[in-house]
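Chains as they are written, first to last, in the numbering used here: chain A, 16 to 410; chain B, 855 to 1224.
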Amino acid sequence: MSIGALTYAAPMRHVRPPVAPDFALLEEATALFEAGRVTDAIHKTLAHLFPGVAIPDLSRDPFQFVQGSSRVTVRIRGDELLVTVPLVRLPTGGSAVAALRYVLGTVATTGQLYQPRLRGDELHLEYTDALARSHPTKLLEVLRTMPTEADDRDDWIVGQFGALPLDRAEIRRLAPEELAAASAFWRAHWTEVEALGKESQRKRSVFFLNDLTAYTIWRVRLVLPLCGYLGVRLREASNVFNDAEEDPGKRETALAKFAREMREVSAADLEASLGHADYALSPLAEGTPPAIVRYFGESDYMEKVEGLRTAGKSFEAAFSLATACTFLAGRYAWAPHVEQALDAALQHAAGKPWREAATSLFEETRALADSFDDDEAKGDEAAAGAGEGAGENGR
Amino acid sequence: MSGVLDIDRLGVFQVFTGTGTGTGFLLSPTLLLTNSHVVAPYRTVAVELRDKRRVPGTVRRIHPKRDLAVVELAQAFEGEVLALSESDELSANQPLQIIGFPVGLPLSITEGVVSNPKQLLDGQPFVQTDAAINPGNSGGPMLDEKRRVVAITTCKLTSADMVGFGIPVLDAREFVANHRDQTAAFGVVCPSCDALLEVYERYCDNCGSDLEDVDLASYFDPPPPHPVVAFVEGALAKAGVDPVLARHGEMNWSFHSGSAPIKIWSCCTEHLCFSSPLVALGKQKLGDLFRYLLSPEHAPLSFDLAGSTVRLNLTFHMSDVFASGDDALSTQVGAFLASADRLDNYLVEKFGCVPAPETQLTFLKEQATP
Chain A
16 MSIGALTYAA PMRHVRPPVA PDFALLEEAT ALFEAGRVTD AIHKTLAHLF PGVAIPDLSR
76 DPFQFVQGSS RVTVRIRGDE LLVTVPLVRL PTGGSAVAAL RYVLGTVATT GQLYQPRLRG
136 DELHLEYTDA LARSHPTKLL EVLRTMPTEA DDRDDWIVGQ FGALPLDRAE IRRLAPEELA
196 AASAFWRAHW TEVEALGKES QRKRSVFFLN DLTAYTIWRV RLVLPLCGYL GVRLREASNV
256 FNDAEEDPGK RETALAKFAR EMREVSAADL EASLGHADYA LSPLAEGTPP AIVRYFGESD
316 YMEKVEGLRT AGKSFEAAFS LATACTFLAG RYAWAPHVEQ ALDAALQHAA GKPWREAATS
376 LFEETRALAD SFDDDEAKGD EAAAGAGEGA GENGR
Chain B
855 MSGVLDIDRL GVFQVFTGTG TGTGFLLSPT LLLTNSHVVA PYRTVAVELR DKRRVPGTVR
915 RIHPKRDLAV VELAQAFEGE VLALSESDEL SANQPLQIIG FPVGLPLSIT EGVVSNPKQL
975 LDGQPFVQTD AAINPGNSGG PMLDEKRRVV AITTCKLTSA DMVGFGIPVL DAREFVANHR
1035 DQTAAFGVVC PSCDALLEVY ERYCDNCGSD LEDVDLASYF DPPPPHPVVA FVEGALAKAG
1095 VDPVLARHGE MNWSFHSGSA PIKIWSCCTE HLCFSSPLVA LGKQKLGDLF RYLLSPEHAP
1155 LSFDLAGSTV RLNLTFHMSD VFASGDDALS TQVGAFLASA DRLDNYLVEK FGCVPAPETQ
1215 LTFLKEQATP
């Protein structure tokens, strides 16, 4: 099968618009901490991180929030601050040893403020430290990283080792019509990736391969509310096929193998990995104008794409731009007008001949970059560089 | 080159400081020659014996311009004292061997030829070679076919391939000869007139050069340590570990706490990591071992597995390190070191683990054998 045109699939995942945190609260928290008012500092830090949420007196009542499947509890016990997330209950038999080894080899590590702890047969991620050592920056790091780690790891331990979920937050399953659409997209996507993989082998272009591997990942993440084992499996496999430092042949082989594995996933397994989860902290990075401009402004990337177009390589140019739009839409939480513009660019290019698709994507993405004034475009480059994965363009 | 070279018999040793590692070679059993950039700005450094024990060395003489330093060792070292060639008559394409500790690896040899025997850089002559030179080689000897030192490895061009430089041996001979006549405990050679400066003054007594221009003061009065360094080394001293012997480059320390190897490093701007690779997994009781390792009783310490090596870990956030006067943190460091020393044996005895290659269990047992 060859690819005749770009396809479009409307996102099914629910994304909450980004809420700007109040950094004045964080500054107040730091001042309070430095003045020795550590309990007040913790309260302010939580207020900064969870705008509009009532924060209880932690010495009396715990504060709980949900991050995907993780239920996080923050509480004060005596002169200690505890942040805990239940992970799983260990399976019986030999797979318990494998699960524990996985946890020790992957979840536990150096340079991490929280660690996995085993209480009876229950695995938890835990952070405990003296109140006096709970600086706001430290607390923010724990609250931002530990729940996300737990959200990822619990599914993997359940899926791989047969562990039992432990006090998981509810994930709303997809309605029948949503599930049918998701299932159809899933099959079509992996069939398309397999075909594009063959195209990559024929082209022997690392630029194209980087686009393909980014497209493989981010299109799934953009379209589907993937929250279970398959999401973690995708991340694990992408460590090889999306690693720009890795040998291209090895990447192509890994991608082909993974695409086949994903295409053959049963309907039940797919359904188990789909659902609408709640996230107290957005799992998406905040999208900023510089991230758009870095791709679609006067950039080396656009020069490269323009070079492909003028050389008659419309397929490569269109596919690369579609991948960039997919990556940006899938990786970041955007203001509504940016999200709509990225979505429209993908919709308008779908089904068109390659030359028209490339022109349409080029013009629409350039127009989006031009819509930001100079100050916006220069903004916080650091936020723009927070992309995941590899690829020539940081994808 | 004549014959097989047993490099471990050579008097060439690795030098450790708080800025990095380098190489030095014996001038006598208690004197080592190296680069000044290897030891500066420290007045005491650590030199590692082949059995991994480290010995303190005191910097006695420094020549910042010629990048040379003499270090007096606290104990006599064994190893072949390499002769300094009496002649600087080298010819292009003449074979050279470079001995040293590239990128922290064990003692290694690289070979090449003299590319230019008197290459002038910044008005000074250097021996240019195409032999591989890497960080860690600095201060090591460049040998000719008769195993004589013909130059001292100093630097390479990072913007080019296979362009390395050595300080000509006659400069080294002169520097060493002058040291033999030195009566002061420490001195720095004036970059302009080669007079020995025993104390820092802004203008050289002999030639009147402005020494502030060449930042000579830092050799006499090293800058205060970074707060993280001050914290770690204070905590180590409190736990009975000599910080000088523990230094392993910038924000990096490595040493043994009893039988357990300890590594301390700052992995990022936010964290200070302590880790000890204790043992390798055995073949039995793994379920019990894993449960033990994940038990909450160890907090704030934790374990992880790096491949099949069990590591004991402790992580501090920099906000804690920068908070002044938190003795509890130093106490935690002491507890970590004591636990590492105890737990490697415990894991072997209780769970059938095997000593990790890096532990000194075997070494210590041999030492205990009459």
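A virtual CB, placed ideally from N, CA and C, is assigned to each residue, including glycine.
- The three-state secondary structure of A350(A), taken from DSSP, is coil.
- Taking C-beta atoms as the reference points, C1207(B) and A1134(B) count as a pair closer than 8 Å.
- In the three-state DSSP reduction, F1019(B) falls in the strand class (E or B).
- Around the CB of A1031(B), fewer than 16 other CB atoms lie within 10 Å, so the residue is classed as exposed.
- By the Cβ rule, the region 321-335 of chain A counts as touching the region 367-377 of chain A, because three or more pairs are nearer than 8 Å.
- Cβ neighbours of Q1138(B) within its own chain (closer than 7 Å, five residues either side excluded): G1206.
- Distances from the alpha-carbon of I1118(B) to those of L1050(B), V1003(B), G1188(B) put G1188(B) closest.
- Annotation for H1080(B): no alpha helix (DSSP H) segment contains it, and DSSP assigns it neither H nor E.
- As DSSP reads the structure, S1111(B) sits in a beta bridge with A1114(B).
- A check of alpha carbon separations from D984(B) across L936(B), E940(B), A1210(B), E965(B) identifies E965(B) as the nearest.
- If you draw a straight line from the Cα of N1060(B) to the Cα of A1049(B), it is about 7 Å long.
- Here the region 870-889 of chain B lies against the region 926-936 of chain B, with 3 or more beta-carbon pairs under 8 Å apart.
- P1076(B) and C1122(B) have their C-alpha atoms roughly 25 Å apart.
- Ranking H29(A), P36(A), C242(A), P106(A) by CA distance to the CA of D284(A) puts C242(A) first.
- Taking a 10 Å sphere around the C-beta of R132(A), we find 16 or more other C-beta atoms and assign the residue as buried.
- DSSP, read as helix, strand or coil, puts D144(A) in strand.
- Scanning P263(A), S149(A), P304(A), L245(A) for the CA closest to the CA of S281(A) turns up L245(A).
- Put simply, the region 1166-1177 of chain B touches the region 141-150 of chain A. At least three CB pairs are less than 8 Å apart.
- Residue-level contact by beta carbon fails for R908(B) and chain A, as no gap is shorter than 8 Å.
- Within the region 973-1046 of chain B, the runs of beta strand (DSSP E) at least 3 residues long that lie entirely inside it are, in chain order, 978-983, 995-997, 1003-1010, 1018-1022, 1041-1043.
- For P1131(B), the enclosing beta strand (DSSP E) begins and ends at 1125-1134.
- A check of alpha carbon separations from I57(A) across H29(A), P26(A), L97(A) identifies L97(A) as the nearest.
- C-alpha of R1002(B) to C-alpha of S939(B): approximately 5 Å in a straight line.
- Between the alpha carbons of Y23(A) and T338(A) lies a distance of about 12 Å.
- The C-beta of P240(A) comes no closer than 8 Å to any C-beta of chain B.
- Look at H1102(B): its C-beta is not under 8 Å from any C-beta on chain A.
- If you keep only unbroken alpha helix (DSSP H) runs of at least 4 residues inside the region 100-172 of chain A, you get 110-117.
- Those residues of the region 988-1009 of chain B placed with their C-beta closer than 8 Å to a C-beta in chain A do not exist.
- The beta carbon of H291(A) does not come within 8 Å of any beta carbon belonging to chain B, so the residue lies off that interface.
- If you draw a 10 Å sphere on the C-beta of G93(A), you find fewer than 16 other C-beta atoms in it, and that means exposed.
- Of H891(B), D1181(B), D862(B), the smallest CA-CA separation from F931(B) is found for D862(B).
- In this structure, the CA atom of D1025(B) is about 11 Å from the CA atom of S941(B).
- Closer than 8 Å to the CB of H1171(B) there is at least one CB belonging to chain A.
- Taking a C-beta distance under 8 Å as the contact criterion, W369(A) and M277(A) do not qualify as a contact pair.
- In this structure Q1036(B) is not in contact with R907(B), their Cβ atoms being roughly 28 Å apart against a cut-off of 8 Å.
- For D358(A), the secondary structure class from DSSP, reduced to helix, strand or coil, is helix.
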